[in-house]
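Below you'll find the structure, written out as structure tokens, and then a few comments.
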Amino acid sequence: MLIFKDLISGDELASDSYPYKYVDDIAIEIEGKMITVSNAIDDRMIGGNASAEEAGEGTDDGTESKINVVYSHQLVETQFDKKSYLAYLKGYLKRIEKKLEENNPDRVEAFKTGAQKFVKERVLANFSNWQFFTGEKMDPDAMVVLMDYREDGMTPYFVLFKDGLIEEKCCSAYSTGIVGMEHPKQPAMFCRN
Numbered sequence: 001m002l003i004f005k006d007l008i009s010g011d012e013l014a015s016d017s018y019p020y021k022y023v024d025d026i027a028i029e030i031e032g033k034m035i036t037v038s039n040a041i042d043d044r045m046i047g048g049n050a051s052a053e054e055a056g057e058g059t060d061d062g063t064e065s066k067i068n069v070v071y072s073h074q075l076v077e078t079q080f081d082k083k084s085y086l087a088y089l090k091g092y093l094k095r096i097e098k099k100l101e102e103n104n105p106d107r108v109e110a111f112k113t114g115a116q117k118f119v120k121e122r123v124l125a126n127f128s129n130w131q132f133f134t135g136e137k138m139d140p141d142a143m144v145v146l147m148d149y150r151e152d153g154m155t156p157y158f159v160l161f162k163d164g165l166i167e168e169k170c171c172s173a174y175s176t177g178i179v180g181m182e183h184p185k186q187p188a189m190f191c192r193n
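Written out as structure tokens, the structure reads:
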């Protein structure tokens, strides 16, 4: 599995466990969906032991609808008007450009040209449709993830600048038989860049 982490903050922003595609060699578009999340607390966790013969009083199980990508990666919604977004974006793109100059100088020109075109044609052209999210740390220098809905009005999708991401390869393994693991049969994640 690939985890897409923010190049600047290190926050997890998404993963390849959701359908995704590269767009114009500048962005990654990730398809999300609505999920139902239960906030209920199992009585057994706090000492409850309901009798099998006695029906419990039952309470509202506290379910909520969430967007899977936002929920799973703890993205935090933020707000921008067009002017403040452009001010943020100018600084952000310069930070990514600087990182590219250090690590991948051949990519700088393609990034600058592609990012300008993408922002003009895809982001600013439909600015009022976008919702904005930051990573869990809410780092003001890090990437702002864009979210819009498909034509059906129900399917959310996210846009991330690919050059602002670190792709970290992870594999899940059940820890049975791994020395030093406290909870056998709990999945463990092993990651590397």
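Its first residue numbered 1, the sequence shown is counted upward by one per residue in the UniProt record's numbering. Just so it is clear, CB atoms sit at the ideal spot from N, CA and C, and this is done for glycine as well.
May I have the straight-line CA-CA distance separating Tyr-20 from Leu-2, to the nearest angstrom?
Approximately 11 Å between the Cα atoms of the pair.
What is the rounded straight-line gap between the Cα of Ser-65 and the Cα of Ala-125?
Their Cα atoms are separated by approximately 29 Å.
Would you identify the three-state DSSP class for Phe-132, choosing helix, strand or coil?
Phe-132: strand per DSSP, three-state reduction.
Considering only C-alpha positions, which residue in the set Phe-161, Lys-169, Glu-12 is nearest to Gly-135?
For the residues Phe-161, Lys-169, Glu-12, the minimum Cα distance to Gly-135 belongs to Glu-12.
Measure the CB-CB distance between Leu-165 and Lys-5 and report whether it falls below 8 Å.
Result yes, Cβ atoms of Leu-165 and Lys-5 sit closer than 8 Å.
Measuring CB to CB, does Met-147 end up less than 8 Å from Phe-158?
Yes, Cβ-Cβ distance for Met-147 and Phe-158 is below 8 Å.
Applying the 10 Å Cβ sphere with the 16-neighbour rule, what's the burial state of Asp-141?
So Asp-141 ends up on the exposed side.
Output the boundary residues of the alpha helix (DSSP H) element that contains Val-145.
That residue, Val-145, is in no alpha helix (DSSP H); its beta strand (DSSP E) goes 145 to 149.
Using the Cα positions of Glu-77 and Tyr-85, report the straight-line distance between them to the nearest angstrom.
Taking the straight line from one Cα to the other gives about 14 Å.
Name the DSSP beta bridge partners of Leu-165, please?
Asp-6, per the DSSP bridge assignment.
Apart from the five residues just before and just after Ile-35, which ones in its own chain have a Cβ nearer than 8 Å to its Cβ?
Once the five neighbours on either side are set aside, the close Cβ partners of Ile-35 are Ser-65, Lys-66, Ile-67, Asn-68, Tyr-71.
By how many angstroms is the C-alpha of Lys-83 removed from the C-alpha of Tyr-174?
For Tyr-174, the predicted structure reports a pLDDT of 47, less than 50, and the residue's modelled location is therefore unreliable. The matter cannot be settled from this model.
Would Lys-162 pass as a contact of Ile-26 if the rule is Cβ separation under 8 Å?
The answer is yes: Cβ separation under 8 Å.
Go through its chain and collect everything with a Cβ distance to Glu-101's Cβ below 8 Å, but skip five positions before and after it.
Excluding sequence neighbours, Glu-101 sits near Val-108.
Span of the alpha helix (DSSP H) holding Glu-64?
No alpha helix (DSSP H) holds Glu-64; the beta strand (DSSP E) holding it covers 63 to 67.
Per the DSSP calculation, Val-159 is bridged to which residue(s)?
Val-159 is bridged to Glu-29, Leu-146.
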